[in-house]
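Participant: Residue numbers (this note's numbering): 897 to 1299. The beta carbon of each residue, even a glycine, is placed where N, CA and C say it ideally should be. Quick one: the structure is below, questions incoming.
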Amino acid sequence: MRLLATLTLLISSLFSLGFRWLQADVEFVNITHTVVFGERLEFSGAIETRAAVVEVVLFLKPFGADTQVIPFKPAADGTVNLTYDLENKPLRAFTPVDYWYQVKLESGVESSSPVYTFLYEDNRFDWQRQDSATFKLAWATTGDPNFGAALQNSVQDSLKAAQAILPAALPTPVRIYVYPTAQEMQSAARLAAAPWAAGHASPDMGVILISITPGPDARAEMERQLPHEIMHILEYQVAGSAYNQLPTWLLEGLASNAELYPNPDYQSVLQKAVDEHNLLPLSALCQDFPRELSGALLGYAQSGSFVRFLIENFGSSGILNLMNRYADGLNCEAGVQAAFNSSLQLLETRWQQEFLGLNAGLTAWKQVWPYFLLAFLVIVPLGLSILPILRKRQEIRGTNDER
Ligand SMILES: [Zn+2]
């Protein structure tokens, strides 16, 4: 009886070994990766098999981007040493990346490794971290033992301020990286070809970059930058993939209104533009802000003030309605018309009168003068062109009369 049991065990063990042998045509051993941020990714390990290998491919899948297919040749003993050049083919900074190997054998059998994952994080800094259910905070600012606590408090206040304007839920967790200087933060964006051009949030990934230099202004900077960038994340939660189709004045205007410590320059820049009759038409702020600094600053100041006007008149529900109209695909003017039953230009005039104290007659004239100009440009050349004809007719009539 015992012999039978031993035999059964032996046979089943052999069977399972054999089965595993068939399964394990290819083994992926010690698979690892190293990230040198902005420079390269290094993939290493070994692919072990007794069979003849026809092809080996590395698949690289950054979050929200296409999968890259990278064929390569391992060494004769199966060792993998593969370098991915991030300078020429940059990945988005802070993106999660999946990767896996696939081996094709001469027999036609294909074998894939498990999927490995890493976060393409800026690892040039020694980040200090604090995680909660809502936020993963990382800061590289040193010298202030209370920095983390201040950051934690400021983040909570910022979320409240942003949600008071735009009642939307945060995706969790939101990852916030605090750089010690603006230059270092910019270098992260530059090295990684990140789409940070319009601010420093990557709302689809729930990532925020800010820069806080330690010192007396640190708290004020936190209270300006954090609510601003958190608002961009909330905006994405409402608009989804239509986020980039929303007018710049709306995205940045909402973000400016969330700032607990607003940029003190906005008010003076706005007043100067009012005094000098240099306000930008809102229709020019639908796509983008002017690139030069003073124009950009005025763009932020005007957008903030106009959106404040909209919030006071139509409330958060009105703003949500407007965002949903844009998410439906309406353009800058049509979205306003559909949400508020009023043209953008009419609301702009009301805002200029009620918020900026601009004279009603002057604003009305500013709206109609292009039509006068157009009429002038059409009528004058038309008049000049028919004048010779009229003169000729008169001359002909004159000669007939003489006859
Ligand atoms: Zn912004």
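Which of the three DSSP states is assigned to residue 862 in this structure?
Facilitator: What the structure shows of the chain is the stretch from 897 to 1299, and residue 862 is not part of that stretch, so it cannot be assessed.
Participant: May I ask you to check if the CB of residue 1119 is nearer than 6 Å to at least one heavy atom of ligand 1?
Facilitator: One-based indexing of the sequence shown puts residue 1119 at position 223. No, the beta carbon of residue 1119 sits no closer than 6 Å to any heavy atom of ligand 1.
Participant: Given that a residue counts as buried once 16 or more other Cβ atoms are within 10 Å of its Cβ, and exposed if not, what is residue 1240?
Facilitator: The count along the sequence shown starts at 1 and reaches residue 1240 at position 344. That one is buried.
Participant: Could I get the ranges of all uninterrupted beta strand (DSSP E) runs contained in the stretch 1094–1147, with 3 residues as the minimum, in chain order?
Facilitator: Whole beta strand (DSSP E) segments, 3+ residues: 1103–1107.
Participant: Hey, is residue 1192 close to ligand 1, as in C-beta under 6 Å from one of its heavy atoms?
Facilitator: For the purposes of this step, residue 1192 is taken as residue 296 along the sequence shown, with counting starting at 1. No, the Cβ of residue 1192 stays beyond 6 Å of every heavy atom of ligand 1.
Participant: May I ask whether a heavy atom of ligand 1 can be found less than 6 Å away from the beta carbon of residue 1151?
Facilitator: Position 255 of the sequence shown, counted from the first residue, corresponds to residue 1151. Residue 1151: yes, Cβ under 6 Å from ligand 1.
Participant: Helix, strand or coil: how does DSSP classify residue 1183 here?
Facilitator: What you label residue 1183 is simply residue 287 of the sequence shown in a count that begins at 1. Correct three-state label for residue 1183: coil.
Participant: Taking the beta strand (DSSP E) that residue 1004 belongs to, which residues open and close that run?
Facilitator: Taking the first residue of the sequence shown as 1, we reach residue 1004 at position 108. Unbroken run through residue 1004: none, as it is neither H nor E.
Participant: Does DSSP put residue 1012 in a helix, in a strand, or in coil?
Facilitator: The sequence position of residue 1012 within the sequence shown is 116, counting from 1. In the structure shown, residue 1012 sits in a strand (DSSP, three-state: E or B).
Participant: Going by DSSP, what residue range makes up the beta strand (DSSP E) through residue 981?
Facilitator: Sequence index remark: in the sequence shown, residue 981 carries index 85 (1-based). Its beta strand (DSSP E) spans residues 975–981.
Participant: How is the alpha helix (DSSP H) around residue 1066 delimited, first residue to last?
Facilitator: Your numbering for residue 1066 matches position 170 in the sequence shown. Premise fails: residue 1066 is in no alpha helix (DSSP H) and is neither H nor E.
Participant: By how many angstroms is the C-alpha of residue 1053 removed from the C-alpha of residue 920?
Facilitator: Within the sequence shown, the letter at position 24 stands for residue 920. Within the sequence shown, the letter at position 157 stands for residue 1053. Interpretation of residue 920 is limited by its pLDDT of 46, a score under 50 that renders its predicted location unreliable; the figure taken from the coordinates is listed afterwards. The straight-line gap from Cα to Cα measures roughly 54 Å.
Participant: For a test of your reading of the model: does the CB of residue 1131 fall under 6 Å from any non-hydrogen atom of ligand 1? Yes or no.
Facilitator: As a first step, residue 1131 must be located in the sequence shown, where it is residue number 235. Answer for residue 1131: no, Cβ out of range of ligand 1.
Participant: At what residues does the beta strand (DSSP E) containing residue 926 begin and finish?
Facilitator: Numbered from its first residue, the sequence shown carries residue 926 at position 30. Here the beta strand (DSSP E) through residue 926 covers 922–932.
Participant: Can you tell me whether residue 1092 is buried or exposed? The criterion is at least 16 other CB atoms within 10 Å of its CB, across all chains shown.
Facilitator: As a position in the sequence shown, residue 1092 is number 196, starting the count at 1. Because residue 1092 sits at a pLDDT of 43, beneath the cut-off of 50, its placement in the model cannot be relied upon, and the following sentence gives the value as read from the coordinates. Residue 1092 should be labelled buried.
Participant: Since residue 958 and residue 988 should fall inside the 8 Å C-beta cutoff, what is the C-beta to C-beta distance between them, to a whole number of angstroms?
Facilitator: Within the sequence shown, residue 958 is the residue found at index 62, counting from 1. Within the sequence shown, residue 988 is the residue found at index 92, counting from 1. So it is a contact: roughly 6 Å between Cβ atoms.
Participant: Could you tell me the alpha carbon to alpha carbon distance between residue 930 and residue 1086, rounded to whole angstroms?
Facilitator: If you number the sequence shown from 1, residue 930 lands on position 34. If you number the sequence shown from 1, residue 1086 lands on position 190. Their backbone Cα atoms lie some 20 Å apart in a straight line.
Participant: Across which residues does DSSP place residue 966 in a beta bridge pair?
Facilitator: Residue numbering aside, residue 966 sits at position 70 when the sequence shown is read from its first letter. According to DSSP, residue 966 bridges with 954.
Participant: Given a threshold of 16 other Cβ atoms within 10 Å of its Cβ, counted over all protein chains shown, does residue 1198 qualify as buried or as exposed?
Facilitator: Along the sequence shown, read from residue 1 onward, the residue named residue 1198 stands at position 302. Classification of residue 1198: buried, given that the 10 Å Cβ count is 16 or more.
Participant: At 4 residues or longer, and completely inside the stretch 1033–1068: list those alpha helix (DSSP H) runs for me, N to C.
Facilitator: If we require 4 residues or more, the alpha helix (DSSP H) runs fully inside the stretch 1033–1068 come out as 1043–1061.
Participant: So is residue 941 buried or exposed if we call it buried at 16+ other beta carbons inside 10 Å?
Facilitator: Taking the sequence shown and counting its residues from 1, the one referred to as residue 941 is at position 45. Looking at its Cβ environment, which holds 16 or more other Cβ atoms inside 10 Å, residue 941 is buried.
Participant: Does the distance from the C-beta atom of residue 1123 to that of residue 1155 stay below 7 Å?
Facilitator: The residue given as residue 1123 occupies position 227 in the sequence shown. The residue given as residue 1155 occupies position 259 in the sequence shown. Their beta carbons are under 7 Å apart, which means residue 1123 touches residue 1155 by this criterion.
Participant: For residue 1206, which three-state DSSP category applies?
Facilitator: By 1-based counting over the sequence shown, the position of residue 1206 is 310. Residue 1206 falls in the helix class under three-state DSSP.
Participant: To which residues of the same chain is residue 979 closer than 6 Å at the C-beta, ignoring the five residues directly before and after it?
Facilitator: For the purposes of this step, residue 979 is taken as the residue at position 83 of the sequence shown. These residues qualify, in order along the chain: 936 and 938.
Participant: Would residue 1097 and residue 1223 be called neighbours here (beta carbons separated by less than 7 Å)?
Facilitator: On the sequence shown, residue 1097 is found 201 positions in, with the first residue counted as 1. On the sequence shown, residue 1223 is found 327 positions in, with the first residue counted as 1. Taking 7 Å as the Cβ cut-off, residue 1097 and residue 1223 do not qualify as a contacting pair.
Participant: Tell me where the alpha helix (DSSP H) around residue 1236 begins and ends.
Facilitator: Along the sequence shown, one-based indexing puts residue 1236 at 340. That run of the alpha helix (DSSP H) goes 1228–1236.
Participant: Does any heavy atom of ligand 1 sit closer than 6 Å to the C-beta of residue 1155?
Facilitator: Taking the first residue of the sequence shown as position 1, residue 1155 is located at position 259. Result no, Cβ not under 6 Å from ligand 1.
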